[in-house]
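Residue numbers (full-length UniProt numbering): 1 to 229.
We put the CB at the ideal spot given by N, CA and C, even for glycine.
Since we're looking at a predicted model, the values are computed, not measured.
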């Protein structure tokens with residue numbers, strides 16, 4: 001388990017927590033792409049590309065959704081950056097997950113006839129909050145809502161291991177590869193559930209987030225009891 005400078009465990013960096021959050025990230029991105037107009041809640045590079053296409057095609061409704069998603073994602077990052085400096089408690093990350101769960105529940109009630117601008121931007125904001133609040137796994141930086149960076153770090157670590165035969169690089173490669181697989185698994189599960197549940201499939205993401213909240217809270221509580229003795 002990763003430790004801080006005082007030797008206190010960093011629960012938010014737990015491997016199983018990072019894997020679970022990354023599965024949620026893949027799940028929600030697949031959901032918004034398939035059910036909410038081909039937009040991506042977290043991958044703003046993709047949204048910028050789609051936005052450019054919308055400009056060329058003069059597709060104003062879709063264009064506004066992409067612009068709003070980029071704006072709300074940015075606000076989500078800023079909100080967590082400000083929030084963490086105002087709270088000294090170890091539990092400060094939990095409200096970000098609670099908000100994400102609530103947004104997923106609400107979005108699941110919105111029929112496809114509702115404009116995507118009321119679904120994608122709120123999800124973009126909470127996804128940004130998730131990846132900003134939970135940004136490390138066992139001392140390594142990572143991203144839980146898209147996979148390009150994790151894939152890049154996998155290949156860099158493999159290359160370093162090939163030339164230097166440093167076992168820590170192999171461990172890092174396997175760590176990042178696990179995250180890539182988790183993201184893909186979340187997206188696949190999302191796609192399969194959408195076949196039966198359509199827009200309501202996102203409620204399964206809410207259930208997953210609830211389980212993460214419970215597990216994370218219990219781990220934090222146990223750590224606080226142990227280190228207060």
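Check: So, helix, strand or coil for residue 79, using DSSP?; Outcome: helix
Check: Which of the three DSSP states is assigned to residue 25 in this structure?; Outcome: helix
Check: If residue 126 sits next to residue 99, beta carbons under 8 Å apart, how far is it from one beta carbon to the other, in whole angstroms?; Outcome: 6 Å
Check: When you compare only the Cα positions, how much space is there between residue 187 and residue 202?; Outcome: 12 Å
Check: How big is the Cα-Cα spacing for residue 13 and residue 158?; Outcome: 22 Å
Check: Does the Cβ-Cβ distance between residue 103 and residue 122 come in under 8 Å?; Outcome: yes
Check: Just to confirm, is the Cβ distance from residue 220 to residue 90 under 8 Å?; Outcome: yes
Check: Run the CB neighbour count on residue 136, radius 10 Å, all protein chains shown included, and call it buried at 16 or more, exposed below.; Outcome: exposed
Check: In whole angstroms, give me the CA-to-CA distance for residue 152 and residue 174.; Outcome: 12 Å
Check: Is DSSP giving residue 141 helix, strand or coil here?; Outcome: strand
Check: Taking 7 Å as the cut-off, is the CB of residue 91 close to at least one heavy atom of the ligand NAD?; Outcome: With respect to the ligand NAD, the structure offers nothing, as it holds no ligand at all.
Check: Return yes when the Cβ of residue 35 is within less than 8 Å of the Cβ of residue 70, no when it is not.; Outcome: no
Check: According to DSSP, simplified to helix, strand and coil, what is residue 136?; Outcome: strand
Check: The alpha helix (DSSP H) spanning residue 178 covers which residue range?; Outcome: 167-197
Check: Going by the beta-carbon positions, is the gap between residue 97 and residue 212 smaller than 8 Å?; Outcome: yes
Check: Considering just the uninterrupted stretch of the alpha helix (DSSP H) at residue 47, what are its terminal residues?; Outcome: 44-57
Check: Which stretch, first to last residue, makes up the alpha helix (DSSP H) that contains residue 94?; Outcome: 94-108
Check: Check for me: the alpha helix (DSSP H) holding residue 161 runs from which residue to which?; Outcome: 148-164
Check: Using CA coordinates, which residue listed in 141, 30 and 68 is at the minimum distance from residue 230?; Outcome: In the structure as shown, the chain begins at 1 and stops at 229. Residue 230 is therefore absent and cannot be evaluated.
Check: Using the Cα positions of residue 64 and residue 115, report the straight-line distance between them to the nearest angstrom.; Outcome: 10 Å
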